[in-house]
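Numbering (the numbering used here), first residue to last: 2 to 197. Even for Gly, the Cβ is constructed at its ideal location relative to N, Cα and C. See structure below.
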């Protein structure tokens with residue numbers, strides 16, 4: 002029987018409103034409405050995000066500029082939100098010896114700040130970020146790398162955005178579940194990994 006792995010997206014799955022915060026930061030930088038930015042770049046990160054913004058708006062925005070503005074907002078107490086069933090879900094995975102990791106197109110620094118702010122840093126020790134693979138241009142490449150790293154495992158990926166779901170699906174490393182809430186996902190996991 003294969004070992005099992007759950008890969009969590011970060012923005013919109015673990016920290017529910019970080020994408021909203023990021024879209025607000027970008028909207029302010031390019032002086033455009035949040036809705037327009039959200040439609041265009043939700044699920045993007047790293048080089049892909051910067052190239053898209055600078056090409057579309059003829060700007061010179063940097064990843065650090067976005068990251069630093071995100072960190073200022075995310076560092077405030079009470080700003081970030083998480084699903085109330087996230088911790089029981091992660092504890093269920095641990096109890097059943099199901100490994101879990103984060104895969105994100107965000108930089109690690111804001112992810113670690115958010116995990117700390119949400120009191121989740123003791124649960125999430127393995128974070129794979131675009132930062133770890135500077136030559137990757139998309140999240141699909143990150144998923145493919147995790148597929149190689151965890152080659153002998155049965156993998157389940159939890160994503161929330163259309164772009165993230167497409168990246169995970171196109172990577173062909175495992176089953177993809179669209180995040181709605183962790184109670185529903187727990188039921189899917191029980192069916193998929195029948196050992197729970």
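Compare the Cα-Cα distances from residue i to each of the options and report the closest residue.
i: residue 36; options: 21, 71, 48 and 190; result: 21
i: residue 88; options: 193, 188, 184 and 81; result: 184
i: residue 65; options: 91, 107, 34 and 56; result: 107
i: residue 24; options: 17, 39, 31 and 33; result: 39
i: residue 53; options: 189, 138, 158 and 142; result: 138
i: residue 91; options: 59, 124, 159 and 31; result: 124
i: residue 103; options: 84, 15 and 145; result: 15
i: residue 7; options: 144, 26 and 79; result: 144
i: residue 84; options: 187, 142 and 192; result: 187
i: residue 146; options: 190, 189 and 168; result: 168
i: residue 79; options: 27, 5, 128 and 18; result: 18
i: residue 213; options: 179, 30, 82 and 81; result: Lying before the first or after the last residue shown, residue 213 is absent from the chain, which here runs from 2 to 197.
i: residue 26; options: 121, 5, 69 and 179; result: 69
i: residue 141; options: 170, 5 and 150; result: 170
Assuming residue i is part of the alpha helix (DSSP H), what are its boundary residues?
i: residue 42; result: 35-42
i: residue 28; result: 19-31
i: residue 94; result: 87-96
i: residue 52; result: 47-58
i: residue 114; result: 109-118
i: residue 73; result: 64-75
Quick one: give me the first and last residue of the beta strand (DSSP E) that residue i is part of.
i: residue 189; result: Run containing residue 189: none in the beta strand (DSSP E); it sits in the alpha helix (DSSP H), 183-193.
i: residue 5; result: 4-9
i: residue 178; result: 176-179
i: residue 101; result: 100-105
List the DSSP bridge partners of residue i.
i: residue 12; result: 16
Would you say the segment 67-79 touches the segment 107-118, given that touching needs at least three Cβ pairs under 8 Å?
yes
Are three or more beta carbon pairs between the segment 78-98 and the segment 132-150 nearer than 8 Å?
no
What residue ranges within the segment 127-168 form continuous beta strand (DSSP E) runs of no fewer than 3 residues, ordered along the chain?
128-130 and 154-160
Does the count of Cβ pairs from the segment 161-174 and the segment 37-45 closer than 8 Å reach three?
yes
Taking contact to mean at least 3 C-beta pairs separated by less than 8 Å, is the segment 28-35 in contact with the segment 152-159?
no
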